[in-house]
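Residue numbers (our numbering): 1 to 61.
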């Protein structure tokens, strides 16, 4: 009986590229940490969603 051939699975290289950037460029890592901190602080602040104006973005498809 012949072995069942396993199909190769493709995977995205985005995480590998992201990790390489973190390791290769210390400034990239620092900027990412700063951005994550700023995002976290913004998420913790209460806001009134009704006060935010609705924006219409024109698009061409």
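Glycine is no exception: its CB is placed at the ideal position from the N, C-alpha and C atoms.
Give the straight-line distance between the Cα atoms of residue i and residue j, rounded to the nearest whole angstrom.
i	j	result
residue 21	residue 34	16 Å
residue 9	residue 45	43 Å
residue 15	residue 56	33 Å
residue 6	residue 43	45 Å
residue 59	residue 51	25 Å
residue 40	residue 3	51 Å
How is residue i classed by DSSP in three states: helix, strand or coil?
i	result
residue 8	coil
residue 51	helix
residue 3	coil
Just checking residue i against the ligand GTP - is the residue's beta carbon closer than 8 Å to any of the ligand's heavy atoms?
i	result
residue 32	By its list of ligands, the structure shown contains no ligand whatsoever, and the ligand GTP lies outside what it can speak to.
Is the Cβ of residue i closer than 9 Å to any Cβ of chain B?
i	result
residue 15	Included in the structure is just one protein chain, with no chain B present.
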